[in-house]
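In what follows, a single structure is set out as structure tokens and then discussed.
In my numbering, the protein residues as written are 420 to 808.
Put into structure tokens, the structure is as follows:
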């Protein structure tokens, strides 16, 4: 499944109608969750039926204006959050299990999703018209993606996303992306960190861009303007809304910079190696350290790992996540454990005399564990084939 995104160019009145559609989709989602909490909806089909009840209810005339399949998509989102909660309970995940919550309408967030109806693309694929009851009308698609490469029946869904800098249309295309790549006969082990974004088993490093730290001064200044213009207990002025919009746009810019760096770095790593081994880090637990939480969130290790796994499937490269236990403590030369604190940045083994950077030593251990895991998987597959024969 591919996701192509284009910005929607329209009038202020049209954007207001899109806001109504997004707010209605949010209302349907929250209503489905309330129906589940009250015991009325016990399955996904029950939430579909409840969408019909909402549309026929005279107390909610706006619900009928939303496309029927868009209402079903909102019900699917509600049931996905419910199903995720049940899965976390079955897996006995420690801490909070993610009980479904009601979402609020935010001016810089939100989306509405259409399936096969409720919209129409122009013949040249440069314009889209929304035809549901809100009558948002014709929008120009502004972007670099060309939809002519795919048939209309391959576009399974169209999602309208609201962000701080405008409205976007995301096209979910049914296409299996496979890219060809020449084998490089090289393997790599990655140890991510805060001093460097990652260090590989050869000692090569990539600097941490720290986009949030670099933009922190401007973010504080924009936040200060928002606080000055806020009036407690009174209607907020247009200057307050404009200041809040500038702050949200800056945060969006930082998140886009972080994503762009993660995507390009992951693509370079995958295309340059035949096997990529990395740590299976529990970032959710690591950010509980309040001294390092901001820095850990800024480096976006989870996003980097997700893109490595995605590009690994696209280019046919083996990606292995290994447990991080003792990868920094064990000596990659002799295997003996050498206890080190977090401030010790050089690995010095008293048993074999091996000296290396702490992160390089960890990367070599990660690569070795990754190669062991791949070999174990290959043996299991071979045994399964022999049993079948």
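A virtual CB, placed ideally from N, CA and C, is assigned to each residue, including glycine.
Predicted, not measured: the structure shown is a model, and the values here were computed from it.
Around the beta carbon of residue 433, 16 or more other beta carbons sit within 10 angstroms, so the residue counts as buried.
A distance below 6 Å between beta-carbons, with the five flanking residues on each side excluded, links residue 663 to the following residues of its chain, in chain order: 645.
Beta-bridge pairing by DSSP links residue 561 to 426.
Residue pairing for residue 532: DSSP places it in a beta bridge opposite 578. Per DSSP, the beta-bridge partners of residue 615 are 626.
In this structure, residue 562 places its C-beta atom within 8 Å of the C-beta atom of residue 424.
Closest in C-alpha terms to residue 599, from the list 625, 695, 693 and 733, comes 733. Here residue 744 is exposed: its Cβ has fewer than 16 other Cβ atoms, across all protein chains shown, within 10 Å. Excluding five sequence positions before and after residue 528, the CB atoms of its chain that fall closer than 8 Å to its own CB belong to 581 and 582, given in chain order. Residue ranges of uninterrupted alpha helix (DSSP H) with 4 or more members, entirely inside the region 646-719 and ordered along the chain, are 657-690, 702-705 and 712-718. Take residue 609, set aside five residues on each side of it, and the residues of its chain with a beta-carbon closer than 8 Å to its own are 617, 618, 619, 688, 695, 696, 697, 698, 782 and 785, in chain order. As DSSP reads the structure, residue 540 sits in a beta bridge with 547. Looking at the DSSP output, residue 765 bridges to 776. As a beta-bridge residue in DSSP terms, residue 556 pairs with 549. It is roughly 46 Å from the alpha-carbon of residue 421 to the alpha-carbon of residue 757.
Comparing alpha-carbon positions, the option among 669, 457 and 611 lying closest to residue 638 turns out to be 669. For residue 716 and residue 705, the gap between their C-alpha atoms comes out near 10 Å. Looking from the CA of residue 774, the closest CA among 650, 791, 667 and 748 belongs to 748. If only uninterrupted alpha helix (DSSP H) runs of at least 4 residues are considered, those enclosed by the region 433-482 are 463-475. Judged by DSSP secondary structure, residue 588 falls within the beta strand (DSSP E) whose first and last residues are 585-592. Between residue 739 and residue 792, the C-beta spacing is below 8 Å. The beta carbon of residue 441 is closer than 8 Å to those of 524, 529, 530, 531, 579 and 581 in its chain, skipping five residues each way along the sequence.
A distance below 6 Å between beta-carbons, with the five flanking residues on each side excluded, links residue 555 to the following residues of its chain, in chain order: 433, 436, 437 and 549. Rounded to the nearest whole angstrom, the CA to CA distance from residue 456 to residue 444 is 19 Å. In this structure, the CA atom of residue 517 is about 35 Å from the CA atom of residue 648. Under the three-state reduction of DSSP, residue 607 is assigned to strand. By the C-beta density criterion, residue 538 is buried, having at least 16 other C-beta atoms within 10 angstroms. Taking the Cα positions, residue 679 is about 13 Å away from residue 629. The region 587-602 makes no contact with the region 758-774, as fewer than three CB pairs between them are under 8 Å. One thing to note: residue 681 has its Cβ within 8 Å of the Cβ of residue 726. The continuous alpha helix (DSSP H) containing residue 508 extends over residues 487-509. Restricting attention to 708, 701, 474 and 614, the CA atom closest to the CA of residue 513 is found in 701. The Cβ neighbour count for residue 576, taken over all protein chains shown within 10 Å, is at least 16; the residue is labelled buried. Beyond the five residues adjoining it in sequence on each side, residue 567 comes within less than 6 Å, by CB distance, of 544 in the same chain, given in chain order. Counting only residues of its own chain and dropping the five nearest sequence neighbours on each side, residue 746 has a CB closer than 6 Å to the CB of 781, 784 and 785. Excluding residues up to 5 positions away in sequence, 685, 686 and 689 lie with their Cβ nearer than 6 Å to the Cβ of residue 730 in the same chain.
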